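Novice: Residue numbers (our numbering): 1 to 122. The beta carbon of each residue, even a glycine, is placed where N, CA and C say it ideally should be. Just so it is clear, the structure is predicted and the values come from calculations on it, not from any experiment. What follows is a structure written as structure tokens; I'll ask about it next.
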Amino acid sequence: MKQIIDDAVGALLADIGSTHDALLEVVQRVRHVAAAAGDGVSESVKYGGIMFSHTAFFCGVFAYSGHVTVEFGRGYLLEDHHRMLEGGGKYRRHIKLYSLADVETKQLADYVRQAYELESPR
């Protein structure tokens, strides 16, 4: 992921940090997980959160008052070996994170990697 934070991402991170400092740590960890998913990951602010893409959007992170969600627009295609995906809609799935430890215990990196690979050129 590009090392320079664009102004919109920086502003959103500052806003999260000013109101929910503990959640900012979770969001920052999710950003690192997304960046590590593969080459060419970029981020942008959309829909009130940070969306991650390379050839297309593959996931997004959104901070709420008591938790962070990582949303997968094509989550129905992800293999849920760890049984962490929530959501019963036609396509979208998400994982709720309440603490920094949840990033590891809920195996977030596996889901993010799968989502990245779904959007990789074939």
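Pull up the distance between the alpha-carbon of V41 and that of H67, whole angstroms please.
Specialist: Each residue's Cα considered, the two are about 24 Å apart.
Novice: How would you call R93, buried or exposed, if buried means at least 16 neighbouring beta carbons within 10 angstroms?
Specialist: The residue is buried, with at least 16 neighbouring Cβ atoms inside 10 Å.
Novice: With three or more C-beta pairs closer than 8 Å as the rule, is the segment 18–27 touching the segment 53–70?
Specialist: Yes: at least three Cβ pairs fall under 8 Å.
Novice: What number of angstroms, rounded off, separates the C-alpha of E117 from the C-alpha of D102?
Specialist: Between E117 and D102, the C-alpha separation is close to 22 Å.
Novice: Can you list, in chain order, the residues of its chain whose CB lies under 6 Å from that of M84, leaving out five sequence neighbours each side?
Specialist: Hits under 6 Å: I95 and K106.
Novice: According to DSSP, what are the bridge partners of M51?
Specialist: Answer is S44 and G60, bridged to M51.
Novice: Is it buried or exposed for L77, if we count other Cβ within 10 angstroms and need 16 for buried?
Specialist: The residue in question, L77, is exposed, as its Cβ has fewer than 16 Cβ neighbours within 10 Å.
Novice: Residue range of the beta strand (DSSP E) that L97 falls in?
Specialist: From DSSP, the beta strand (DSSP E) with L97 extends over R93 to L97.
Novice: How many Å lie between A36 and E43 at the Cα?
Specialist: Roughly 13 Å between the two C-alpha positions.
Novice: Residue range of the beta strand (DSSP E) that E117 falls in?
Specialist: Careful: E117 lies outside any beta strand (DSSP E), inside the alpha helix (DSSP H) at L108 to L118.
Novice: Excluding five sequence neighbours on each side, which residues of the same chain lie with their C-beta closer than 6 Å to the C-beta of H82?
Specialist: Within the same chain, H82 has close Cβ partners Q107.
Novice: Under the three-state reduction of DSSP, which class applies to E104: helix, strand or coil?
Specialist: E104: helix per DSSP, three-state reduction.
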